[in-house]
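2 protein chains.
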Amino acid sequence: MKRIPNKIYLSEKETPKFWYNIAADLPNPPPPPLGKDGKPCPPEQLAALFPIELLKQEMSRERYIEIPKKVREAYMTYRPSPLNRAYRLEKALGTPARIYYKYEGNNPSGSHKLNTAIPQAYYNKAEGIKKLTTETGAGQWGTALAAACAMFGIEDVTYMVKASAQQKPYRKIIMETFGAQVHASPSDTTEFGRGVLAKDPGCRGSLGTAISEAVELALKSEKAHYSLGSVLNHVVLHQTVIGEEALLQFAKIDDYPDIVIACVGGGSNFGGLAFPFIGKTLREGVRTRYVAVEPSACPTLTRGKYAYDYGDMGGFTPALMQYTLGSGFIPSGIHAGGLRYHGASGLVSVLKHENRIEAVALSQTDVFGAAVKFAEIEGLLPAPESAHAICAAMSEALACKESGEAKTILFNLTGHGYFDLAAYDEYNKGNITDAAYSDEELKNGLASLPDFK
Amino acid sequence: MKRIPNKIYLSEKETPKFWYNIAADLPNPPPPPLGKDGKPCPPEQLAALFPIELLKQEMSRERYIEIPKKVREAYMTYRPSPLNRAYRLEKALGTPARIYYKYEGNNPSGSHKLNTAIPQAYYNKAEGIKKLTTETGAGQWGTALAAACAMFGIEDVTYMVKASAQQKPYRKIIMETFGAQVHASPSDTTEFGRGVLAKDPGCRGSLGTAISEAVELALKSEKAHYSLGSVLNHVVLHQTVIGEEALLQFAKIDDYPDIVIACVGGGSNFGGLAFPFIGKTLREGVRTRYVAVEPSACPTLTRGKYAYDYGDMGGFTPALMQYTLGSGFIPSGIHAGGLRYHGASGLVSVLKHENRIEAVALSQTDVFGAAVKFAEIEGLLPAPESAHAICAAMSEALACKESGEAKTILFNLTGHGYFDLAAYDEYNKGNITDAAYSDEELKNGLASLPDFK
Chain A
2 MKRIPNKIYL SEKETPKFWY NIAADLPNPP PPPLGKDGKP CPPEQLAALF
52 PIELLKQEMS RERYIEIPKK VREAYMTYRP SPLNRAYRLE KALGTPARIY
102 YKYEGNNPSG SHKLNTAIPQ AYYNKAEGIK KLTTETGAGQ WGTALAAACA
152 MFGIEDVTYM VKASAQQKPY RKIIMETFGA QVHASPSDTT EFGRGVLAKD
202 PGCRGSLGTA ISEAVELALK SEKAHYSLGS VLNHVVLHQT VIGEEALLQF
252 AKIDDYPDIV IACVGGGSNF GGLAFPFIGK TLREGVRTRY VAVEPSACPT
302 LTRGKYAYDY GDMGGFTPAL MQYTLGSGFI PSGIHAGGLR YHGASGLVSV
352 LKHENRIEAV ALSQTDVFGA AVKFAEIEGL LPAPESAHAI CAAMSEALAC
402 KESGEAKTIL FNLTGHGYFD LAAYDEYNKG NITDAAYSDE ELKNGLASLP
452 DFK
Chain B
2 MKRIPNKIYL SEKETPKFWY NIAADLPNPP PPPLGKDGKP CPPEQLAALF
52 PIELLKQEMS RERYIEIPKK VREAYMTYRP SPLNRAYRLE KALGTPARIY
102 YKYEGNNPSG SHKLNTAIPQ AYYNKAEGIK KLTTETGAGQ WGTALAAACA
152 MFGIEDVTYM VKASAQQKPY RKIIMETFGA QVHASPSDTT EFGRGVLAKD
202 PGCRGSLGTA ISEAVELALK SEKAHYSLGS VLNHVVLHQT VIGEEALLQF
252 AKIDDYPDIV IACVGGGSNF GGLAFPFIGK TLREGVRTRY VAVEPSACPT
302 LTRGKYAYDY GDMGGFTPAL MQYTLGSGFI PSGIHAGGLR YHGASGLVSV
352 LKHENRIEAV ALSQTDVFGA AVKFAEIEGL LPAPESAHAI CAAMSEALAC
402 KESGEAKTIL FNLTGHGYFD LAAYDEYNKG NITDAAYSDE ELKNGLASLP
452 DFK
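Those protein sequence lines, which keep their order, are chains A and B.
For the first sequence, our numbering assigns the number 454 to the last residue and increments by one with no breaks.
For the second sequence, our numbering assigns the number 454 to the last residue and increments by one with no breaks.
And the structure:
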């Protein structure tokens, strides 16, 4: 067999020209979003916030959706991302397994989020939108949208959870450097924010509050829309560029994954990598295991309920059928901020519900241990979110060592950890603990689920 | 003409197997280093600090030096680096010029420094060395050596200038995450450091002090050596992997640079990119312009003197023939910390002395303006050091617009700016000024030159 290189590239001509829409291949696609009245959400309600093309993608049953030329041109500034063969890690673990990873950190947002920020900026621009609003917690999504808006010449207003803005000042600065207006939320720029501040002037904010502020500003501004970085079908669709590239890269080296692994927060990076492979399983019966990795502190897929729930705490968003811990479940302050979400993508949820994918929950100490080992061996400092996938991939590789099987493992390394060094410092000092929750907290979370009977 | 892709890659098989040693092609190579007595430095003095193979490289007149297999394997985790065609920037500037850049930030050190850290760790390991000591200011070099030592299983002790350790805590943490011991210098771990602290307990350190501590520890420890991240011939040699790759990449697309641009601190990234091209000029008479870019706050090549000088303030190092402002010249606290060096590589200096290369000094405000523009257009946030090369490349591209010439411009983008966001914040707020110096300060600096008559 020819030696497989450390990095498998694609030429520009070889890059995918289509996103893959798994809804076309699902026997039972997720049911429609519901409004507060329990009835399917009317399209007009969503059209005030999103451009028509994205809403079409949200509902589409077409298998392949063409990537517009201008989006492909912008992708070309950092895509295709390399498929890396982790030779050094394999050797260090002494495993017969072949370990591969897609690395999505080589772009200005430092994560996979730019893959959807670019088309969202493009479609909004094409429909005459002048301003996009959004919220950001950990900051990857906010950075991605800021970079994409700079590329397409759209104004960007981002509400950053105040606690994050204070803890991660670098994230705020990089967004501002790309020209974004960043407000620490709750802010005095919206009615909702002023209301929160009136009640609690010291409030350090939440994603729920930030979403409400961003939506309010979009609805009240001229030619403005709102933009979301995960969960929704069109967001996951855009991320499938990752998996479509990986399929082509594996074809080049005549290998194919037995196991595909990715972390799950809202679900877009998992879907982005895994859906094109799952499509082959659904259509052609290819046998591959798919492992979704979540933090044990926020075990949506492993301990949550499959039910209709809102995306935010206030119930401003439509309700989606999904795995959820209930919007009343407040995960402890773990360092993988991008995975602290009570729900999950409807598409990922239905796959889990039908046992087409596996889910595993990992503890924070194990995850940081794997991250540091990976950094030392492979020379790449991962984001704590991505380290969940690394940790699970290492476990699978060690299981191969045990069983003597030379399986092919693929995982998604979604981003770098340069903005997470305070967390690494805590780990180096031995201060990282396994954030846990009580049965009571889990019960209270599930009790917050809306009742649509 | 075939369309040139956004990124020009090389396969692993195509990557350079040799570093290029410009000393082989120079009509007048730099004269030997001198000791305090004004006589050529005895090899034993250097052998206490560096492995034999690196000293051989330091003195070598061979044109090509083979890259060891294990070094190539480690390079392969992040090399070859892409040659990027900056289409979006060309369009934004409206220039007929073709702009290309090598991007060296896609590795754990975030800069080109890893290209020499890896062979330095390798050669030391091969000679039975168990511990490397070094100093770091801005932190790129310290991070690179920490990552390389983790790869080769060597202990790493780094003295980080105390002021930097306090201003850039993330840099300290990333080194520690790679397993390095990081001491804020002056420290109480060396006699030299204790002496400094006894005189001034609040001392915030300097590169000179940190070098002295690192050298003392190397000399006093068992099986330990000292490691340097720029200036010396063997360091620049290792960096030529950048230019050798670029030569091969240009051959692939049937283009060739008319102008090669890089920033200069100690000179290793400039030499690394430009020397393989200068070699073609020296041997074959290929006409290319070479532009070394420095900050106007530390104008070594444009305002310095070509003379023997020490590498540090205390005169602990041998004296090298070089362009220098005198070790007594203290540049103002500009944000491109990696370019605040009073001297320059002997090889770069002799090329400037013989007018084989040009030098230009740029102001800090112009440089940050170019950096932010580049980030918005090309979607890549550069380190302030690298932004000097960007700024000069933009000027050349605008000159092409004026003259209507479709020149080919190549520059070195040495690293990302993720650890420099505090500086970008100052720029965004309008607080960045053109750090300057008085004629008096320049005179005092030059007056500090040693006298070897």
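By construction, the Cβ of each residue, glycine as well, lies at the ideal position given by its N, Cα and C atoms.
Each residue's CA atom was taken as its position, placing Arg195/A and Lys169/A some 23 Å apart.
For the segment 234 to 285 of chain B, the continuous alpha helix (DSSP H) assignments of 4+ residues that do not extend past its boundaries occur at 234 to 254, 269 to 285, in sequence order.
When DSSP states are grouped into helix, strand and coil, Ile53/A belongs to the helix group.
Taken through DSSP and simplified to helix, strand or coil, Asn108/A comes out as coil. Using a Cβ distance threshold of 7 Å, Leu133/A and Asn125/A count as a contacting pair.
At a Cβ-Cβ threshold of 7 Å, Asn413/B and Ala390/B count as neighbours. In summary, Asn432/A is exposed, with fewer than 16 beta-carbon neighbours lying within 10 Å of its beta-carbon over all protein chains present. If you check the CB distance, Gly230/B and Leu274/B do not come in under 7 Å. Taken atom to atom, the span from the alpha-carbon of Gln365/B to that of Phe193/B is near 34 Å. When secondary structure is reduced to three states using DSSP, Ala139/A falls in the coil class, being assigned neither helix nor strand. Those residues of the segment 174 to 185 of chain A placed with their C-beta closer than 7 Å to a C-beta in chain B are Ile174, Ile175, Glu177, Thr178, Phe179, Gly180, ordered along the chain.
Annotation: the continuous beta strand (DSSP E) that includes Asn413/B extends over 409 to 414. Here Pro385/B carries a helix assignment [DSSP, helix/strand/coil]. Under a 10 Å Cβ-count criterion, Arg86/B is classified as buried, with 16 or more other Cβ atoms of the shown protein chains found around its own Cβ. What Asp426/B touches in chain A, judged by beta-carbon distance under 7 Å, is Ile174, going in chain order. When beta bridges are read from the DSSP output, Ser186/B appears opposite Val162/B. Ala49/A is classed as exposed because its beta carbon has fewer than 16 other beta carbons within 10 Å across all chains shown.
In this structure, Ala139/B sits near Gly339/B, with a CB-CB distance shorter than 7 Å. Across the structure, Ile279/B and Tyr171/B are spaced so that their CA atoms are roughly 37 Å apart.
When Lys253/B, Gly154/B, Ile212/B, Ile331/B are compared, the shortest CA-CA separation from Lys3/B is found for Lys253/B. Around the Cβ of Ser404/A, a 10 Å sphere holds fewer than 16 other Cβ atoms; the residue is exposed. When rounded, the separation of the alpha-carbon atoms in Glu217/B and Thr190/B is 10 Å. Assignment of His226/B by DSSP, reduced to helix, strand and coil, places it in the strand class. Residue contact with chain B for Pro109/A: present (Cβ-Cβ distance below 7 Å to some residue of chain B). Note on Arg284/B: under 16 other CB atoms within 10 angstroms of its CB, so exposed under the neighbour-count rule.
The distance from the Cβ of Leu90/B to that of Glu379/B is about 6 Å, consistent with a contact at the 8 Å cut-off. DSSP, read as helix, strand or coil, puts Glu406/A in coil.
Between Glu223/A and Pro52/A, the alpha-carbon positions lie close to 14 Å from each other.
If the five residues before and after Ile68/B are omitted, its C-beta is found closer than 8 Å to the C-beta atoms of Pro17, Lys18, Phe19, Trp20, Tyr76, Pro120, Val242, all from its own chain and listed in chain order. Here Phe179/B carries a coil assignment [DSSP, helix/strand/coil]. In this structure, Leu326/A sits near Gly446/A, with a CB-CB distance shorter than 7 Å. When DSSP states are grouped into helix, strand and coil, Ala337/A belongs to the coil group. Proximity of chain A to Ser12/B at the Cβ level (cut-off 9 Å) is accounted for by Pro6, Tyr10, in chain order. His343/B carries a coil assignment under DSSP once its states are collapsed to helix, strand and coil. The residue among Ala199/A, Gly312/A, Ile66/A with its C-alpha nearest the C-alpha of Gln323/A is Gly312/A.
Shown here for Phe179/B: same chain residues with a beta carbon closer than 7 Å to its own, the five before and five after excluded, namely Ala147, Ala148, Ala151 in chain order.
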